[in-house]
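Novice:
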Ligand code: GDP
């Protein structure tokens, strides 16, 4: 089963891709956020000695509530950044959490009582329309329970006492947090662990032949997964203990004229396959290089932020051209998707598809520490200064990754409207060169740095 979000906002699109609800844990330092994160994710608690001034980042963990996966986010890391005041940091931390998460858990310390920073966090959270639950932590005896009422002053209506260290009331906290969330019964946890692959491309490029060749491979264990809600038959291919689910919404396994007809008249089937996939195999006919129609499909894949491999099929028909020259002709340098030359009929290079899929999956799930991102930004700024428009100079304060799968990075700047497309392009191209994300989409957003407020 999977938890799906109910309301819509601009981040819903990315949530849909990610598919899971996100619960962010926010609050000032030392209230026990990391303990709570570890308890929720059922991780062994490790005491981390941090060097002063070293930025630890947000940590994402997969957790289960009532047989559903969700993503828990520990925002503790932002506290250690020495470039900002405590108030600035807490504002940025809550701002990111508000944007990223579906539900927020603010943690306070029953033993210490309300502090000024608690007021700042609560004030920021009260501005959001998202669900916020106040977890009064460290309540490990009855006496401390009386202290909980004191925290009503923060203005948050949903309050619960917990002890993260002693695992008290944690399930009740999650129940409260996910109270109004809807459940989708159609997918289960196993389903979410599979890598879903769509084979897409023009008619007659060899999609059917490719899928059937993969299914007929001797080392593959194949099973059909009939998706009752989606009106399609997918097939699972198990290789070396990993399951790859090939989506067959467009009926490409059928070797018939009927299939060609369906394909010709239904772009929406291709679109559906792309929407459901983690990674798309865009099949080209080597004899045609990349056609206008192929580029159109590639744009759809990019628009939906999916991973992609360009599969150049029918290599057996190409004579007297070396593979490297061919790939150059494909204008590889401009593409961030890897290209693989194959022949579905001759079964050439088919096994390389799986290792590329694994690599892209890894890239999509990568998280880069803010400290590394900021070093990178500094270098870029030194090389080419940000633009100055109408007497205002663009300042980039911070670049941070707010989610993965697909990776999503946010620039915090002084004036988003003077972040010119040319400068953004320069930064994105440098980013691709600096951090290897081959095959994975990357999303970049721009945000005005929040004002510190009391
Ligand atoms: P689809 O419409 O993309 O599913 O394409 P099909 O798989 O039906 O293939 C279209 C035609 O191309 C068929 O006649 C295949 O036999 C042929 N074909 C597919 N792959 C290859 C290949 O690697 N080499 C050659 N020479 N022909 C191929």
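In our numbering, the protein residues as written are 21 to 474. Backbone N, C-alpha and C define an ideal beta-carbon position, used for all residues, glycine too.
1) May I ask you to check if the CB of residue 303 is nearer than 8 Å to at least one heavy atom of the ligand NAD?
2) State the beta-bridge partners of residue 421 as determined by DSSP.
3) From what residue to what residue does the beta strand (DSSP E) around residue 378 run?
4) Just checking residue 333 against the ligand GDP - is the residue's beta carbon closer than 8 Å to any of the ligand's heavy atoms?
5) Return helix, strand or coil for residue 163, following the three-state DSSP convention.
6) Does the structure place the segment 146 to 161 close enough to the segment 50 to 64 that three or more beta carbon pairs sit under 8 Å?
7) Hey, is the segment 292 to 301 in contact with the segment 324 to 338, meaning 3+ C-beta pairs nearer than 8 Å?
8) Would the C-beta of residue 317 count as close to the ligand GDP, meaning under 8 Å from any of its heavy atoms?
9) Which parts of the segment 110 to 178 are runs of the alpha helix (DSSP H), unbroken and 4 residues or longer, counting only runs that do not cross its ends?
10) When you compare the CB positions of residue 221 and residue 358, do they come within less than 9 Å of one another, or not?
11) Could you tell me the alpha carbon to alpha carbon distance between residue 254 and residue 224, rounded to whole angstroms?
12) Sort 350, 345, 362 by Cα distance to residue 335 and report the nearest one.
13) Check residue 108 in the structure and name its three-state DSSP category.
14) Please name the residue, chosen from 119, 424, 147, 330, that lies closest to residue 376 on a Cα-to-Cα basis.
15) Residue range of the beta strand (DSSP E) that residue 89 falls in?
16) Specify the secondary structure class of residue 42 as computed by DSSP and reduced to three states.
17) Assuming residue 43 contacts residue 93 under a Cβ cut-off of 8 Å, what Cβ separation, rounded to an integer in Å, is found between them?
18) Can you give me the start and stop residues for the alpha helix (DSSP H) that residue 57 sits inside?
19) According to DSSP, is residue 394 helix, strand or coil?
20) Tell me which same chain residues have a C-beta within less than 7 Å of the C-beta of residue 369, skipping the five on either side of it?
21) With a CB to CB cut of under 6 Å and the five nearest residues on each side skipped, what residues in its chain are close to residue 11?
22) By alpha-carbon positions, which one of 181, 193, 403, 256 ends up nearest to residue 218?
23) According to the neighbour-count rule (16 or more other Cβ atoms, all chains shown, within 10 Å of its Cβ), is residue 440 buried or exposed?
24) Relative to the ligand GDP, is the shortest distance from any of its heavy atoms to the C-beta of residue 224 smaller than 8 Å?
25) I'd like the list of long-range same chain contacts for residue 199, defined as Cβ closer than 8 Å, with 5 residues on each side in sequence excluded.
26) Are the CB atoms of residue 320 and residue 291 nearer to each other than 9 Å?
27) Grouping DSSP H, G and I as helix and E and B as strand, with all else coil, what is residue 460?
28) With a threshold of 8 Å (Cβ to nearest heavy atom), would residue 230 be considered close to the ligand GDP?
29) Looking only at DSSP bridge pairs, what is residue 302 linked to?
30) What distance in whole Å lies between the Cβ atoms of residue 388 and residue 455, which are believed to be in contact at a cut-off of 8 Å?
31) According to DSSP, simplified to helix, strand and coil, what is residue 450?
Specialist: On the basis of the supplied data:
1) Absence of the ligand NAD from the depicted structure is noted, with the ligand GDP being the only ligands included.
2) According to DSSP, which records beta bridges pairwise, residue 421 is partnered with 429.
3) Following the DSSP letters along the chain, one finds residue 378 in no beta strand (DSSP E) but inside the alpha helix (DSSP H) bounded by residues 372 to 384.
4) Yes - the ligand GDP has a heavy atom lying nearer than 8 Å to the Cβ of residue 333.
5) Reduced to three states, the DSSP call for residue 163 is helix.
6) The segment 50 to 64 is in contact with the segment 146 to 161.
7) The segment 292 to 301 makes contact with the segment 324 to 338, as at least three CB pairs between them are under 8 Å.
8) Answer for residue 317: no, Cβ out of range of the ligand GDP.
9) As far as the segment 110 to 178 is concerned, its whole alpha helix (DSSP H) runs of at least 4 residues are 136 to 146, 162 to 165.
10) Contact: no.
11) Taking the straight line joining both Cα atoms gives about 21 Å.
12) For residue 335, the nearest C-alpha among the options comes from 362.
13) In the three-state reduction of the DSSP assignment, residue 108 falls in the helix class, which pools H, G and I.
14) Of 119, 424, 147, 330, the residue nearest in Cα terms is 330.
15) Segment 88 to 94, the beta strand (DSSP E) holding residue 89.
16) Residue state, collapsed to three classes: strand.
17) Contact holds; Cβ gap of about 7 Å.
18) For residue 57, the enclosing alpha helix (DSSP H) begins and ends at 53 to 60.
19) The answer is helix: DSSP assigns residue 394 an H, G or I state.
20) Cβ within range, chain order: 360, 361, 362.
21) An answer regarding residue 11 cannot be provided, because it is not within the stretch 21 to 474 covered by the chain.
22) Nearest to residue 218 by C-alpha distance, out of 181, 193, 403, 256, is 256.
23) Counting Cβ neighbours within 10 Å, residue 440 comes out exposed, since fewer than 16 surround it.
24) With a cut-off of 8 Å, the C-beta of residue 224 is classified as near the ligand GDP, since at least one heavy atom of the ligand falls inside that distance.
25) Within the same chain, residue 199 has close Cβ partners 151.
26) In this structure, the beta-carbon distance from residue 320 to residue 291 falls below 9 Å.
27) In the three-state DSSP reduction, residue 460 falls in the coil class, being neither helix nor strand.
28) Under cutoff, so the answer is yes.
29) Looking at the DSSP output, residue 302 sits in a beta bridge with 220, 330.
30) 6 Å between Cβ atoms; contact.
31) When DSSP states are grouped into helix, strand and coil, residue 450 belongs to the helix group.
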